[in-house]
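The next block holds one structure in the form of structure tokens; read it before the comments.
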Amino acid sequence: MARDAHKPFPHDKYLYWFIQWIPRWVEPNHITLLRLILTPFVIIFLLYENYDVGVPLFIFTALTDAVDGTLARMRKQVTPWGIFYDPVADKILIGSVVLLVVIQHINFYIAIGMVAVELMLIIGGWYRRRKTHIESANIWGKIKMILEVIGVLCLLIALWSGVDLFVQISNGTLIVALLFAIVSLLTYSL
């Protein structure tokens, strides 16, 4: 189920209006690096339960995932580095927040399952990179990432606002995200 990294995803056309405002000197890999740099700050703010800063910073940092990929495809700047490190940056962001917040407020087993699958995907990607075969994320991986962000965001909103309904939405969304993560892992390794 290999996917052409240059082929647009459906969400690319919706982000085009935003992408055109990004200066030409900003490359997709710069945005991936920004996500890697911002992730520790997200974790620090969430660790100290400063949700007024941590939640918006998480949202911004998570949205850079859609921006860097769309920018790479629209400007024809897809690189092997970006194909490998973009999902690694996603996994570091989501995995860190899962270990910090989800494990404590949702379900230990869901959190450990999510992190374990993400680690297997990183190890598989590293192994494939060593063999010079770099593969872009497939649709299952994209859906998984969207569900993970929504699930984590719902939990963060619950902690920020005190509305317990968001905890239940987060729990259900993260279970579905874990199922998509497993499908992504199985289809990635075929």
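Taking our numbering, the leading residue of the sequence shown gets -3, the next gets one more, and so forth. Glycine included, C-beta positions come from ideal geometry on N, C-alpha and C.
Nearest neighbour of residue i, chosen from the options [CA to CA]
i    : options                  : result
V97  : L155, I27, A68 and N134  : L155
A85  : M141, Q16 and I153       : M141
M116 : L182, V163 and L34       : L182
I187 : V94, Y123 and G158       : As shown, the chain starts at -3 and ends at 186. That puts residue 187 outside it, with no answer to give.
A58  : S92, Q73, E45 and Y123   : S92
Y81  : D64, I15 and R71         : D64
E114 : I178, L43, I40 and F56   : I178
V22  : S157, I108 and A68       : A68
Y105 : V38, I40, W13 and N167   : N167
L11  : A62, I139, P76 and V159  : A62
I90  : V145, I18 and W13        : V145
P83  : L161, I135 and V163      : I135
G158 : I88, H101, I108 and K87  : H101
L175 : L161, I139, Y47 and I165 : I139
I79  : I118, V49 and Q164       : I118
Nearest-angstrom Cβ-Cβ length linking residue i and residue j, presumed shorter than 8 Å
i    : j    : result
L30  : T60  : 6 Å
A173 : G137 : Contact flag wrong, Cβ pair sits at about 11 Å.
T169 : L143 : 6 Å
M70  : I15  : 5 Å
Q73  : P36  : At roughly 26 Å, the Cβ-Cβ gap does not stay under 8 Å, so Q73 and P36 are not in contact.
F54  : L149 : 7 Å
I108 : L32  : So it is not a contact: roughly 23 Å between Cβ atoms.
Residue range of the unbroken alpha helix (DSSP H) whose run includes residue i
i    : result
G158 : It is not in any alpha helix (DSSP H) - G158 carries neither H nor E in the DSSP assignment.
Residue i: CB within 7 Å of a non-hydrogen atom of the ligand GDP
i    : result
V111 : Ligands in the displayed structure: none, and consequently the ligand GDP is not present.
Within the region 37 to 123, note down every full alpha helix (DSSP H) run reaching 4 residues or more, in order along the chain. You should have 47 to 70 and 76 to 93.
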